[in-house]
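Heads up: the structure comes next, in structure tokens.
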Amino acid sequence: MRIGVVGTGYVGLVSGTCFAEFGINVTCVDKDTNKIDGLKRGIMPIYEPGLESLVEKQIKSGRLSFTTDLGEAMKDADAVFIAVGTPPKIDDGQADMSYVYAAAKEIAQNLDGYTVIVTKSTVPVGTAREIEKIVKATNPDAKFDVCSNPEFLREGAAINDFMRPDRVVIGTDSERAAEIMRQLYRPLYINETPMVVTTPETSEIIKYAGNAFLATKITFINEIANLCEAAGADVQQVAKGIGLDGRIGSKFLHAGPGYGGSCFPKDTMALTQIGQKYRAPQNIIETVVWVNAERQRSMAERVIDACDGNVKDKKIAILGVSFKPNTDDVRESPALVIIPLLQEAGANIYAHDPIAMNEAKKHLDDVHWTQDAYEAATDADILVIITEWNEFRGLDIDRLGKIMKEKCIVDMRNIYKPKIMKQAGFRYISIGRPEVKSD
Ligand code: UGA
Numbered sequence: 002m003r004i005g006v007v008g009t010g011y012v013g014l015v016s017g018t019c020f021a022e023f024g025i026n027v028t029c030v031d032k033d034t035n036k037i038d039g040l041k042r043g044i045m046p047i048y049e050p051g052l053e054s055l056v057e058k059q060i061k062s063g064r065l066s067f068t069t070d071l072g073e074a075m076k077d078a079d080a081v082f083i084a085v086g087t088p089p090k091i092d093d094g095q096a097d098m099s100y101v102y103a104a105a106k107e108i109a110q111n112l113d114g115y116t117v118i119v120t121k122s123t124v125p126v127g128t129a130r131e132i133e134k135i136v137k138a139t140n141p142d143a144k145f146d147v148c149s150n151p152e153f154l155r156e157g158a159a160i161n162d163f164m165r166p167d168r169v170v171i172g173t174d175s176e177r178a179a180e181i182m183r184q185l186y187r188p189l190y191i192n193e194t195p196m197v198v199t200t201p202e203t204s205e206i207i208k209y210a211g212n213a214f215l216a217t218k219i220t221f222i223n224e225i226a227n228l229c230e231a232a233g234a235d236v237q238q239v240a241k242g243i244g245l246d247g248r249i250g251s252k253f254l255h256a257g258p259g260y261g262g263s264c265f266p267k268d269t270m271a272l273t274q275i276g277q278k279y280r281a282p283q284n285i286i287e288t289v290v291w292v293n294a295e296r297q298r299s300m301a302e303r304v305i306d307a308c309d310g311n312v313k314d315k316k317i318a319i320l321g322v323s324f325k326p327n328t329d330d331v332r333e334s335p336a337l338v339i340i341p342l343l344q345e346a347g348a349n350i351y352a353h354d355p356i357a358m359n360e361a362k363k364h365l366d367d368v369h370w371t372q373d374a375y376e377a378a379t380d381a382d383i384l385v386i387i388t389e390w391n392e393f394r395g396l397d398i399d400r401l402g403k404i405m406k407e408k409c410i411v412d413m414r415n416i417y418k419p420k421i422m423k424q425a426g427f428r429y430i431s432i433g434r435p436e437v438k439s440d
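Per the numbering used here, the sequence shown starts with residue 2, numbered consecutively.
Listed below in structure tokens is the structure:
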């Protein structure tokens with residue numbers, strides 16, 4: 002089988018490469034000549050563990066190629082995947098659909114026999130119908146069907162998520178299109194991956210509802226963490242205690258500094274807009290969006306409180322600026338909210354991140370970027386862990402104690418045990434867990 006993938010961003014590149022691994026001939030197309038030239042030479046436009054070697058392997062296999070020519074990508078294709086961006090509009094947070102619709106129009110001009118036009122990008126409900134209209138208007142003789150096939154890839158674990166998904170969602174009215182989609186995902190039958198074959202509208206809502214539910218789960222446990230702090234309880238035990246109930250489930254119950262990234266913030270905002278458009282207000286999600294924004298801001302207060310209410314001229318060591326580990330993505334990262342608030346309050350910031358410093362430099366001023374965690378911590382008044390990178394999980398605590406000015410840590414990801422930190426002589430403040438005051 003043969004497919005074209007339009008857009009070599011995160012979703013397009015991972016999906017295209019993994020489909021090639023499934024044995025399908027894939028041509029990825031992008032307007033950005035530099036990106037395509039780079040990819041042909043094995044240079045990745047994003048950081049994703051395992052992607053570079055898989056791209057190299059599939060280029061060598063002859064099943065994966067890159068081009069700037071959409072016509073070439075669509076030649077003899079059974080399906081063409083739209084995987085371009087749907088960024089939030091600055092004014093109201095609605096998904097900006099201009100790239101998707103432009104891609105649909107160009108696809109219509111280049112159709113080569115019956116083709117399934119698939120939306121992989123996260124798109125509001127109604128998009129598949131809109132694409133159908135655009136294609137028919139542009140090319141009245143076109144033979145095609147439209148299918149919604151949302152992605153559920155987590156950054157940092159995207160290849161595994163594609164190869165071993167919890168489910169595949171296929172939204173189309175056409176049995177012919179559904180069959181082609183089933184064929185494309187055939188290698189997953191061996192793992193008995195559930196396939197949800199449904200209408201385009203249902204499929205489009207599944208994507209937003211899934212992300213919004215996960216964002217709600219995180220926001221819920223974050224508020225429970227506040228209660229645990231006030232009442233002297235332990236949120237990790239609470240999460241375990243409720244998560245063992247199969248109806249709730251244990252995943253996505255880690256309290257932290259608030260969710261970030263390119264998906265949850267964008268998709269929750271967009272869902273509130275979709276709800277308003279359809280006169281079906283999404284009150285819970287509107288609240289989640291607000292609570293999460295407050296949560297990120299309140300984390301700066303937590304650091305200031307730990308410094309007895311004053312961080313003026315204090316040296317603050319920050320560990321981690323990406324929105325989560327194993328990615329260089331800093332979009333909507335809590336660090337981009339917390340660091341400027343601490344700077345406004347007069348703090349000097351010394352920060353380290355294993356991968357994301359170059360990205361963060363584009364958004365943050367006056368940060369002293371360091372070679373490692375220890376350089377950041379030297380003479381620091383306080384150390385703040387914002388992202389739970391593996392290399393921050395095994396820090397030499399005795400060494401930290403010797404090099405820091407004050408032995409004080411705010412751990413926003415609960416990666417250390419309060420008792421052990423106390424024994425090492427630290428004041429240790431974490432999320433939703435009682436501070437150990439004395440032995
Ligand atoms: C998310 C979803 O998990 C994917 O299924 C989905 O396909 C993707 O969005 C998308 O729409 O493209 P991603 O944004 O890569 O994936 O990252 P997650 O691992 O879901 O984490 C999102 C945020 O939630 C991070 O800031 C993370 O630190 C935070 N989080 C996650 C918590 O604070 N607590 C948790 O228990 C889990």
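We put the beta carbon where it would ideally sit given N, CA and C, even for glycine.
Where Ala105 falls, given that 16 or more other Cβ within 10 Å makes a residue buried: buried
From the DSSP output, read off the bridge partner residues of Pro89. Ala96
Straight-line CA distance for Ile286 to Ile225? Going from the Cα of Ile286 to the Cα of Ile225 covers about 17 angstroms.
Drop a sphere of 10 angstroms on the beta-carbon of Ala232, count the other beta-carbons inside from all chains shown, and report buried for 16 or more, exposed for fewer. exposed
Is Phe265 closer than 8 angstroms to Leu337 when the C-beta atoms are compared? no
Which complete beta strand (DSSP E) runs does the segment 102 to 180 hold, if anything under 3 residues is left out? 116 to 120, 145 to 149 and 169 to 172
Here's the rule: buried if 16 or more other CB atoms are within 10 angstroms of the residue's CB, otherwise exposed. What is Trp390? buried
Measuring only from the beta carbon, is Gly233 closer than 7 angstroms to any heavy atom that is part of ligand 1? no
Considering only C-alpha positions, which residue in the set Asn227, Gln372, Gly39 and Lys423 is nearest to Pro258? Asn227
Do Met98 and Gly5 have their C-beta atoms closer together than 8 angstroms? At the C-beta level, Met98 and Gly5 stay beyond 8 angstroms of one another.
List the endpoints of the continuous alpha helix (DSSP H) containing Leu484. Any property of residue 484 remains undetermined from this structure, which presents the chain solely from 2 to 440.
Taking C-alpha atoms, which residue in Gln297, Gly395, Ala318 and Lys315 lies nearest to Ile432? Gln297
Is it true that the CB of Ser204 sits closer than 8 angstroms to the CB of Gly172? yes
For Gly13, does the three-state DSSP call read helix, strand or coil? helix
Coil, strand or helix - Tyr351 by DSSP: Correct three-state label for Tyr351: strand.
Using only the heavy atoms of ligand 1, determine whether one of them is closer than 7 angstroms to the beta carbon of Cys264. It does: the Cβ of Cys264 is within 7 angstroms (strictly closer) of some heavy atom of ligand 1.
Where do the ends of the beta strand (DSSP E) carrying Cys29 lie? Asn26 to Val30
Could you tell me the alpha carbon to alpha carbon distance between Lys403 and Ala381, rounded to whole angstroms? 11 angstroms
Buried or exposed by the 16-neighbour rule on C-beta atoms within 10 Å, applied to Tyr417: buried
Tell me whether Lys316 sits in a helix, a strand or coil according to DSSP, three-state version. strand
Can you check DSSP and say which residues form a bridge with Leu245? DSSP lists no partner for Leu245.
Consult DSSP for Arg303 and reduce its assignment to one of helix, strand or coil. Of the three classes helix, strand and coil, the one that applies to Arg303 here is helix, per DSSP.
What does the alpha-carbon distance come out to for the pair Lys58 and Phe23? The alpha-carbon atoms of Lys58 and Phe23 are separated by roughly 12 angstroms.
What does the alpha-carbon distance come out to for the pair Arg443 and Asp268? One cannot answer for residue 443 here, as it falls past the ends of the chain, which runs 2 to 440.
Tell me which residue opens and which closes the beta strand (DSSP E) that Cys409 is part of. Looking at the DSSP string, the run of the beta strand (DSSP E) that includes Cys409 is Cys409 to Asp412.
Consider the C-beta atom of His255 and the heavy atoms of ligand 1; say whether any pair is separated by less than 7 angstroms. Checking the Cβ of His255 against ligand 1 gives yes.
Let's test the definition: count the other Cβ atoms within 10 Å of the Cβ of Val197 and tell me whether it reaches 16, buried, or not, exposed. Exposed is the call here.
How is Gly203 classed by DSSP in three states: helix, strand or coil? The residue asked about is misnamed: residue 203 is Thr in this sequence, not Gly. Of the three classes helix, strand and coil, the one that applies to Thr203 here is helix, per DSSP.
Assuming His353 and Asp373 make a contact with CB atoms under 8 angstroms, what is their CB distance in whole Å? 6 angstroms
Would you list the one or two residues that DSSP bridges to Ile4? Val27 and Ala80
What's the gap between the Cα of Ile108 and the Cα of Ile135? 10 angstroms
Quick check: does the Cβ of Glu152 come within less than 7 angstroms of any heavy atom belonging to ligand 1? yes
Decide yes or no for the touch test of the segment 150 to 165 against the segment 11 to 20: beta carbon pairs closer than 8 angstroms, at least 3 of them. Contact between the segment 150 to 165 and the segment 11 to 20 is present: 3 or more CB-CB pairs across the two stretches fall below 8 angstroms.
What are the boundary residues of the alpha helix (DSSP H) that includes Val56? Leu52 to Ser62
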